[in-house]
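**Student:** Heads up: the protein sequence lines correspond to chains U and W, in order. Under full-length UniProt numbering, read the first sequence as residues 1 to 325, first letter to last. Under full-length UniProt numbering, read the second sequence as residues 1 to 494, first letter to last.
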Amino acid sequence: MKHTTLTFAVTAAALLGATAAYADYPTRAINMVIPYGAGGATDISARTISEPLGAAVGKPLVMANITGAGGATGSVAVQNASADGYTMLFARVGSHSVNPAMKATLPYGLEDFRFVTVYEINPVACAVRPASGITSMDQLIAKVAEGGISYSSSGVGSMPHLASAMVLSEFGVADPLTDATHIPQKGGGAAITAVLNGTSTFVCTNSSALASFVANKQLTPLLVTTAEPVVGFDAPTANQLGKDKLNQLVGWTGIAGPDDLPDDVAAKWGEWMAAATADPKFRETMEARGSVIELMDPVKANEFIQGQYDTFRTLVEDLGMRIEG
Amino acid sequence: MSFIDSLMAGLSLVASVEAFLALFVGIVIGVIGGAIPGLSATMAVALTLPFTFSMQPITGILLLLGVYKGGIFGGCIPAILIKTPGTPASSATILDGHPMAERGEAGRALGMALWASCTADLVSNLALILFAGWLASFALNFGPPEFFALILFSLTIIAGVSGDSLLRGALSALLGLLLATVGLDLVYGTNRFTFGDPNMMGGLNFIAVLIGLFAIPEIIAMAWNPTAHLGKARALGNAKVTIKDYIASFRSILRGSLIGVFLGSIPGIGAAPSAFLSYSEARRKSKNKANFGKGEIEGVAASEAGNNGVAGATLIPLLALGVPGDVITAIIIGAFMVHGLQPGPMMFILNVDIIYGLFIGLIVSSVFLFIVGSVAIKGFRFVADVPKRILMPAVLILCIYGVFAVNNNIFDVGVMFAMGWVGYVMMRYRIPAAPFLIAFILGPLLEDNFRQSMLMSGSDPSILLRGPITWFFWAMTLLTIAAIGRAIMRKQAV
Numbered sequence: 001m002k003h004t005t006l007t008f009a010v011t012a013a014a015l016l017g018a019t020a021a022y023a024d025y026p027t028r029a030i031n032m033v034i035p036y037g038a039g040g041a042t043d044i045s046a047r048t049i050s051e052p053l054g055a056a057v058g059k060p061l062v063m064a065n066i067t068g069a070g071g072a073t074g075s076v077a078v079q080n081a082s083a084d085g086y087t088m089l090f091a092r093v094g095s096h097s098v099n100p101a102m103k104a105t106l107p108y109g110l111e112d113f114r115f116v117t118v119y120e121i122n123p124v125a126c127a128v129r130p131a132s133g134i135t136s137m138d139q140l141i142a143k144v145a146e147g148g149i150s151y152s153s154s155g156v157g158s159m160p161h162l163a164s165a166m167v168l169s170e171f172g173v174a175d176p177l178t179d180a181t182h183i184p185q186k187g188g189g190a191a192i193t194a195v196l197n198g199t200s201t202f203v204c205t206n207s208s209a210l211a212s213f214v215a216n217k218q219l220t221p222l223l224v225t226t227a228e229p230v231v232g233f234d235a236p237t238a239n240q241l242g243k244d245k246l247n248q249l250v251g252w253t254g255i256a257g258p259d260d261l262p263d264d265v266a267a268k269w270g271e272w273m274a275a276a277t278a279d280p281k282f283r284e285t286m287e288a289r290g291s292v293i294e295l296m297d298p299v300k301a302n303e304f305i306q307g308q309y310d311t312f313r314t315l316v317e318d319l320g321m322r323i324e325g
Numbered sequence: 001m002s003f004i005d006s007l008m009a010g011l012s013l014v015a016s017v018e019a020f021l022a023l024f025v026g027i028v029i030g031v032i033g034g035a036i037p038g039l040s041a042t043m044a045v046a047l048t049l050p051f052t053f054s055m056q057p058i059t060g061i062l063l064l065l066g067v068y069k070g071g072i073f074g075g076c077i078p079a080i081l082i083k084t085p086g087t088p089a090s091s092a093t094i095l096d097g098h099p100m101a102e103r104g105e106a107g108r109a110l111g112m113a114l115w116a117s118c119t120a121d122l123v124s125n126l127a128l129i130l131f132a133g134w135l136a137s138f139a140l141n142f143g144p145p146e147f148f149a150l151i152l153f154s155l156t157i158i159a160g161v162s163g164d165s166l167l168r169g170a171l172s173a174l175l176g177l178l179l180a181t182v183g184l185d186l187v188y189g190t191n192r193f194t195f196g197d198p199n200m201m202g203g204l205n206f207i208a209v210l211i212g213l214f215a216i217p218e219i220i221a222m223a224w225n226p227t228a229h230l231g232k233a234r235a236l237g238n239a240k241v242t243i244k245d246y247i248a249s250f251r252s253i254l255r256g257s258l259i260g261v262f263l264g265s266i267p268g269i270g271a272a273p274s275a276f277l278s279y280s281e282a283r284r285k286s287k288n289k290a291n292f293g294k295g296e297i298e299g300v301a302a303s304e305a306g307n308n309g310v311a312g313a314t315l316i317p318l319l320a321l322g323v324p325g326d327v328i329t330a331i332i333i334g335a336f337m338v339h340g341l342q343p344g345p346m347m348f349i350l351n352v353d354i355i356y357g358l359f360i361g362l363i364v365s366s367v368f369l370f371i372v373g374s375v376a377i378k379g380f381r382f383v384a385d386v387p388k389r390i391l392m393p394a395v396l397i398l399c400i401y402g403v404f405a406v407n408n409n410i411f412d413v414g415v416m417f418a419m420g421w422v423g424y425v426m427m428r429y430r431i432p433a434a435p436f437l438i439a440f441i442l443g444p445l446l447e448d449n450f451r452q453s454m455l456m457s458g459s460d461p462s463i464l465l466r467g468p469i470t471w472f473f474w475a476m477t478l479l480t481i482a483a484i485g486r487a488i489m490r491k492q493a494v
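(1) Could you check whether Tyr-151 (chain U) and Ser-200 (chain U) sit closer than 8 angstroms to each other, using their CB atoms as the reference points?
(2) Can you tell me whether Thr-52 (chain W) is buried or exposed, with buried defined as 16 or more other CB within 10 angstroms of its CB?
(3) Using 8 angstroms as the cut-off, can you tell me whether the stretch 36-45 of chain W makes contact with the stretch 396-406 of chain W, which would need three or more C-beta pairs spanning the two stretches below that distance?
(4) Under 6 angstroms Cβ to Cβ from Ser-366 (chain W), same chain only, skipping five residues before and after it: list those, please.
(5) Could you spell out where the beta strand (DSSP E) holding Arg-289 (chain U) opens and where it closes?
(6) Would you call the CB atoms of Ala-311 (chain W) and Ser-249 (chain W) closer than 8 angstroms?
(7) If you pair each beta-carbon of the stretch 261-277 of chain U with each one of the stretch 111-120 of chain U, do three or more pairs fall below 8 angstroms?
(8) Counting only runs that start and end within the stretch 99-161 of chain U, where is the alpha helix (DSSP H) found for 4 or more residues in a row?
(9) Between U:Gly-39, U:Leu-223, U:Pro-26 and U:Gly-74, which has its C-alpha nearest Pro-198 (chain W)'s C-alpha?
(10) Give a yes or no on whether the C-beta atoms belonging to Ser-154 (chain W) and Gly-260 (chain W) are separated by under 8 angstroms.
(11) Relative to the alpha-carbon of Gly-70 (chain U), which residue among U:Gly-37, U:Pro-298 and U:Asp-234 has its alpha-carbon at the smallest distance?
(12) Locate the alpha helix (DSSP H) running through Leu-178 (chain W), then write down its first and last residues.
(13) Determine, using beta carbons only, whether Ala-46 (chain W) comes closer than 8 angstroms to chain U.
(14) Classify Met-456 (chain W) as helix, strand or coil using the three-state DSSP reduction.
(15) Report the residue ranges of all beta strand (DSSP E) runs contained in full by the stretch 255-323 of chain U; include only those spanning at least 3 residues, in chain order.
(16) Against Ala-211 (chain U), what residues of chain C qualify as contacts under a CB-to-CB distance less than 8 angstroms, listed in chain order?
(17) Using 8 angstroms as the limit for Cβ to Cβ distance, is Gly-320 (chain U) near chain W?
(18) Using the Cβ count rule (16 or more neighbours within 10 Å means buried), how would you classify Leu-465 (chain W)?
(19) Once DSSP output is grouped into helix, strand and coil, what is the label at Gly-58 (chain U)?
(20) Per DSSP, which residues does Met-32 (chain U) bridge with? Please list them.
(21) Could you check the C-alpha separation between Gly-172 (chain U) and Gly-307 (chain U) for me, to the nearest Å?
(22) Quick check on DSSP: helix, strand or coil for His-339 (chain W)?
(23) Between the alpha carbons of Lys-59 (chain U) and Ser-6 (chain W), how many angstroms are there, rounded?
(24) Mark Lys-2 (chain U) as exposed unless 16 or more other C-beta atoms lie within 10 angstroms of its C-beta, in which case mark it buried.
(25) Would Thr-205 (chain U) and Pro-236 (chain U) be called neighbours here (beta carbons separated by less than 8 angstroms)?
(26) According to DSSP, Ile-192 (chain U) sits in a beta bridge with which residue or residues?
(27) CB-CB under 7 angstroms to Met-102 (chain U), same chain, minus the five flanking residues each way: which ones, in chain order?
(28) Please confirm whether Gln-452 (chain W) has its beta-carbon closer than 8 angstroms to some beta-carbon of chain U.
(29) Arg-451 (chain W) and Val-187 (chain W): beta carbons closer than 8 angstroms?
(30) If you measure from the beta carbon of Asn-288 (chain W) to each beta carbon in chain U, is any gap under 8 angstroms?
(31) Please go through the stretch 51-116 of chain W and give each complete alpha helix (DSSP H) segment of 4 or more residues, from N-terminal end onward.
(32) I'd like the span of the alpha helix (DSSP H) that includes Leu-223 (chain U), first residue to last.
(33) What I want to know is whether the C-beta of Leu-277 (chain W) ends up closer than 7 angstroms to one or more non-hydrogen atoms of the ligand GTP.
(34) Quick one: using the 10 Å Cβ neighbour count with 16 as the cut-off for buried, is Trp-115 (chain W) buried or exposed?
(35) List, in order along the chain, the chain U residues whose C-beta lies closer than 8 angstroms to that of Val-187 (chain W)?
(36) Using 8 angstroms as the threshold, is the C-beta distance between residue 495 (chain W) and Ile-72 (chain W) below it?
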């Protein structure tokens, strides 16, 4: 398939000249790769936007989940695709800022992709189970000093892993890696279950994933990382606790193509996304799930992701969390 | 609100043509999806999910539950007819179901599978409705040490499915354990045996390994010696399941259902181990022990009861705790979230109408499953009559499409063929495939839970004996190993 698209692109370029080839982009369906499994945060976000986005594009969007290795398998599939704008990726905080910052062996880096948009921001929240008796960050930090505190994540190099380390580090824990124990789980659901059944003390993850447990009083929220409070979370914001730097710690979903994606294609995506995110039904569904809709154009999206990556990378280097080999 | 009020509220919600139609259509989609090798129940649910976004919450969720239940049953159809599990949960059904089909009793095996499935489904749904709260709090007692003890006990199943030679079974299991280590290390996040290939980082795809191990060797054998099967009787036969068969297997069906309910209510295990555990328990208790693996109808009944018993019970952690129990319920929880529903204890207060609506729908689903299943058996039975020279190439094409579709990745198709040759060599040397599969499923669970336990305790092994649940499973493991040892001694003495 890749071969035919390549042949097509080359022939088209030869016949019409490189610029003209993209003038009437898209002429056919666009493949959209979701690097995470069905029913997960990225999948639901992608499928929700696919409706207004498909209307804006005017050609069908073929959604395909290519899962595995914390989003790496699907990302590599797009990295290696031809940059004709017909294979695009739903990039996510885990696959495109935490993973590249933490994993030396990752087969791709940020420079292998061109982001055309970021459209959704997810606040991150930290929570414990009520039985732990912890009700504030101060108490949690005090207990870290006593020892025996652990945190779960959806895997090594995942956003919740980095989030917990960053939160502990910001709250003055000198060495979060040895003072608290990281107990990795397989998947986001398992990470929360581990807190519920007492395997680990706390978890920091997307507020949308925690919302139902907080509403059900199965978990107590301690902190949200955004400047604004999160609806349904009776917990202070990072800014209220004087940790403004934690504002960088948010989840996001965006769309990316291979790094040599032409400018006109990127520009078209900018227009489509503006139309798609203006859709009131889309906004309503996303906001009901606790997402903040924030549309970034290609330039701003690249800046935002690079900024987050730099923060994470510095933290990873400082704490010695980088995974080699 | 009283029980009657809740029930009426639920009834008013589901008592629409639309809701029941969704459930029925879901079961039809599930049975067909499950029956196509490689498509699997998980895949069928994932494909249906986007369609539910625009539906009423209850209609959408019933549609998905229908697909789930239909898919778990549908998986037994190709398992029995063409020795290819349609869904991982039906791998145990192959052991006795396929030999029965070879003997011309496909109709009887399929009928028993349906009866056992529907019975287990009903038991599972009742367990959900009556004991959800109790089972959920039991499930929350399962931390890594309890899981470790349970999985360790489950590994003793290998002895039950090894056939004549325990040594060959152990060899097969070792191979499975070895291949299961491919992928990212849980605790360090480093690559293990990936040889620098990003495709290997996610581990070997389970469906690809499964299809490769069971279906492809049959196809290779057919290509190797196209006329070997001629002259062997493989007619459909008019053999049908009888009430007598059902009664004779009833104890195994009930036991399998209960095993399914327990394993289903604990998040993170899934239907395949339950089917194997139910099968090996049935074999252990049976008078016809020697006939297991050679086409014993009770084996089919036990494994199908074991996997369908899980289907209703996985909703226990989902509804009572908001925690997905397996891959399929992880997708279904997405449907809840899309509609702004938050599964968990509060849902029993805030959305009690939806909860009771689901309960009513679930009870009806067992009946629908019976109807759809009966029709499906009538239709699919004739696959057994298709000449092998036509059937096998068709199966091969279905397998390739199915395995590709799981992850839209051509690499998985390569894995399937590689595993096919491994499976073929194993078949030639009479090494059973089932232990491989069990080790492949349970190996990573065993390792992960052991390492998580060690992280919890700071490498103090005494955590593995931290409570009554762990003691129970350790005792069961020791007893089973002693029993296996005694059986071997006795065999040698003869």
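We treat Cβ as the ideally placed atom computed from N, Cα and C, and that holds for glycine.
**Tutor:** Taking the definition as stated:
(1) yes
(2) buried
(3) yes
(4) Cys-118, Asp-121 and Leu-122
(5) From DSSP, Arg-289 (chain U) is part of no beta strand (DSSP E); its letter is neither H nor E.
(6) no
(7) yes
(8) 99-102 and 137-146
(9) U:Gly-74
(10) no
(11) U:Gly-37
(12) 166-180
(13) yes
(14) helix
(15) For the stretch 255-323 of chain U, whole beta strand (DSSP E) runs of length 3 or above, ordered along the chain, are 292-296.
(16) Here the protein chains are U and W, and chain C is not one of them.
(17) For Gly-320 (chain U), not one C-beta of chain W is nearer than 8 angstroms to its own C-beta.
(18) exposed
(19) Coil, per DSSP.
(20) For Met-32 (chain U), DSSP records a beta bridge to U:Met-63 and U:Met-88.
(21) Their backbone Cα atoms lie some 23 angstroms apart in a straight line.
(22) coil
(23) 46 angstroms
(24) The predicted position of Lys-2 (chain U) is uncertain, since its pLDDT is 46 and thus under 50; no value can be drawn from it.
(25) no
(26) The partner list for Ile-192 (chain U) (beta bridge, DSSP) is empty, contrary to what the question assumes.
(27) Gly-157, Leu-162, Val-316, Met-321, Arg-322 and Ile-323
(28) Among the residues facing chain U, Gln-452 (chain W) is included, as its CB has a counterpart in that chain under 8 angstroms away.
(29) yes
(30) no
(31) Here the runs fully enclosed are 57-74, 76-82 and 91-102.
(32) Here Leu-223 (chain U) belongs to no alpha helix (DSSP H); instead the beta strand (DSSP E) covers 220-224.
(33) The model depicted lacks the ligand GTP and carries no ligand whatsoever.
(34) buried
(35) Val-156 and Pro-184
(36) Residue 495 (chain W) cannot be examined here, being either before or after the span of chain W that is shown, 1 to 494.
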